[in-house]
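Numbering (the working numbering), first residue to last: 162 to 314.
Cβ atoms here follow ideal geometry from the backbone N, Cα and C, with glycine treated the same way.
A quick write-up on the structure given underneath.
This is the structure:
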């Protein structure tokens, strides 16, 4: 599923402060319709986001009945995006239960289309490892500030 929308960059001071764009109502409804099939827990939905020329993977978070799309630091810097900017995003959420358009077109043109077809194996959900993020801080690996005996940060 592809969602295209624009929105204002906001900052949320939660346990992990970050910049987000709120998913507008119509797009949030579309995402809500598939969220239970694609979430990996806590309502978080893995997605690929394009901001300008920058594309990155992230997880969309449920918040107050809607969803927040996080903007990675590297993408914001590369695109010159600041708090309060209005940005255009393209968000792609893989729905393993959605019909594959290419398979449908091939089946329609095939003389044996009436024969039952075996279901394709369900692809694994995308895995997002926060340690791959450029703005990830692991206090266990890096230790407290000023402690030079652990980590390199």
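- By the Cβ rule, the segment 212 to 231 counts as touching the segment 168 to 187, because three or more pairs are nearer than 8 Å.
- If you draw a straight line from the Cα of residue 239 to the Cα of residue 215, it is about 7 Å long.
- With a threshold of 16 other beta carbon atoms within 10 Å, residue 169 falls short and is exposed.
- Annotation for residue 208: no alpha helix (DSSP H) segment contains it, though the beta strand (DSSP E) segment containing it runs 206 to 212.
- In the assembly as shown, residue 259 is an exposed residue. Its beta-carbon has fewer than 16 other beta-carbons within 10 Å.
- With a threshold of 16 other beta carbon atoms within 10 Å, residue 244 falls short and is exposed.
- Residue 177 and residue 217 have their alpha carbons spaced roughly 19 Å apart.
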